[in-house]
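Residue numbers (the UniProt record's numbering): 1 to 361. Backbone N, C-alpha and C define an ideal beta-carbon position, used for all residues, glycine too. Here is the structure we will look at, set down as structure tokens.
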């Protein structure tokens, strides 16, 4: 609780209570002895008010301390010091103050004087404690209300955010469905072209069939980009792609080899096909001097791929820093977590190398 908050609320309570208390004190002293000096009564009430607010300060700084023993010692020491100060003021500076409620004439017994002062200021201590704990309870209630209000506002913001996310998801879904219309149209058109080209040009029809299969596979891999699939399907799409590239570039030296047996291995969709596409996009292979190397190794425990191609200096993109590899790593981290290894490097012959291992356990 802040000190400013304590003072503000304590002064508000004192404004409500102190006038009644002052009037009651003056009236009872007058009824007890009409010769009592009103000015001395006011001085005494001023000292009492000062003592009351001093105790509020003591309570405030004491409650901030976690040690219970230290709290007790602070309150005890503060009370003793305050009482000594009040006694010194009343009986050395104003010995004739006669500021007590039921003060009797011609009484000068020091012990009784001390007891009467202690009784009066003990009541002030209780009153100060009541004020402090009332304000502390009020502050706790206000903080609880603020926490509930903040939590309510946070829930509203979360609901608004979920609504925004839902709208964005719907917009993406609509965009995805719209984008799919063009590949489906291309796939159907390619099938029609295969039928038209086959009688006159079987070679072209075969490549159109491969292209149609690639389009269909791309559609399936896009739908299942957040799932894993059979490695054998990826290889079928890769063979179709390699057939098309051999038909386009008959002089290209494409070396694709497989070591091991297929036994239901699983991979990320298009993870190999995308890497091979980049080899043909950024590699030197058209003259047949620099080979395109694709090595595939299969075991029950893992799937491994090693790719190597000569980098075309005319290529504007550098695949080792390209967005394709970044996306590939993100998909592998999502679907295979720590069960993969992906290393890329450029060797002394300016060849780009990719070594990918996907563990199956």
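Under 8 Å between the Cβ atoms of residue 52 and residue 124?
yes
Under 8 Å Cβ to Cβ from residue 252, same chain only, skipping five residues before and after it: list those, please.
245, 246, 285, 286, 288 and 292
For residue 340, which residues of its own chain have a beta-carbon under 6 Å away from its beta-carbon, when the five flanking residues on both sides are left out?
332 and 358
Give the secondary structure of residue 348 by DSSP, where H, G and I count as helix, E and B as strand, and everything else as coil.
coil
Going by alpha carbons, who is nearest to residue 395 out of 309, 248 and 19?
In the structure as shown, the chain begins at 1 and stops at 361. Residue 395 is therefore absent and cannot be evaluated.
Once DSSP output is grouped into helix, strand and coil, what is the label at residue 318?
Because the pLDDT of residue 318 is 49, which lies under 50, any placement of that residue in the model is unreliable, and the number read from its coordinates should be weighed accordingly. DSSP places residue 318 in coil when its eight states are reduced to three.
Residue 360: which of 76, 229 and 168 sits nearest, CA to CA?
229
Beta carbon of residue 56, beta carbon of residue 128: below 8 Å?
yes
Buried versus exposed call for residue 275 [16 or more other C-beta atoms within 10 Å across all chains shown]:
buried
Can the beta-carbon of residue 263 be found less than 8 Å from the beta-carbon of residue 234?
no
Those residues which DSSP pairs with residue 309 across a bridge
352
Sorted by chain position, which residues of the same chain lie with C-beta nearer than 8 Å to residue 236's C-beta, five sequence neighbours on each side aside?
213 and 217
For a test of the three-state rule: what should DSSP assign to residue 360, helix, strand or coil?
coil
Helix, strand or coil at residue 249 according to DSSP, with G and I counted as helix:
coil
What first and last residue would you give for the alpha helix (DSSP H) that runs through residue 274?
271-282
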